Amino acid sequence: MNASPPPAVPPESGPVLGVVLAGGRSTRLGRDKVAEVIGGRSLLAATVELLARVVDEVAVSGRDPAPFGVAVPWLPDVVADTGPAGGILTALEAYGRPILAVSCDLPFLRQDTLTALLAARRRRPTTALLTTYRRTDTGYVESLVGVYEPAGAPILRRAIENGLYRLSAVFPETIRHHLDYDPADPEAAKPFFNINYPRDLELAREMELVS
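Under the numbering used here, the first residue of the sequence shown carries the number 14, and numbering increases by one thereafter.
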């Protein structure tokens, strides 16, 4: 997809909204990951509580949180079966504000990881529509821990309509602002440990016991 020149981004576009991305089907895990408990809290509840410590308002995308005992607004995806891209688009279009989007399967994500990201977002170039973390070894972008600007909503909608859901492709490097981390540093890499498979869940519980 040929990206058109991005619109200018104002210095501030309203308060940042926290959005938990919880619409996945957990097919690789074999059961609903949002209900899995690590450290005494479900992954969904823990992620909502973490976001609530860094922003004033939190919503859940793609999944009604009420059955899990979580009382925050629910945003059903405006375009079904489009993965995290659809959840992010839903939040951007519903609120018209920057969103701090976080996947619900990151049990070791920390408050300081998010506050550093929000601080980096305040220093972003005016063309940046996504502020996120990037690995120094591979350049891999942690697009499911990122701040998305409302001016990016039209770009994201066009991409989804064209069948492009990979967020790092929708928001290429020219319109991203990065906070680099070294995955060889265990403390820097740990917040991005995510749960996809049963072994990941077992390992997360082992890591919790020794943390």
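Cβ coordinates follow ideal geometry from the N, Cα and C atoms, glycine included.
Since we're looking at a predicted model, the values are computed, not measured.
The Cβ-Cβ distance between GLY31 and ALA79 does not fall below 8 Å. Taken in chain order, the complete alpha helix (DSSP H) segments of 4 residues or longer contained in the segment 116-152 are 124-135.
Per DSSP, VAL73 is not a residue of any alpha helix (DSSP H); the beta strand (DSSP E) it occupies stretches across 71-74. Between GLU174 and PHE205, the beta carbon gap of about 30 Å keeps them out of contact (Cβ cut-off 8 Å). Remark: C-beta atoms of ALA141 and ILE188 approach each other more closely than 8 Å.
For TYR161, the three-state secondary structure derived from DSSP is strand. Here PRO138 has HIS190 as same chain residues with Cβ atoms under 7 Å from its own Cβ, once five neighbours each way along the sequence are excluded. Taking every protein chain shown into account, the CB of GLY53 has fewer than 16 other CB atoms within 10 angstroms, so this residue is exposed. Nearest in C-alpha terms to VAL115, of all of ALA72, GLY176, SER181, GLY152, is ALA72.
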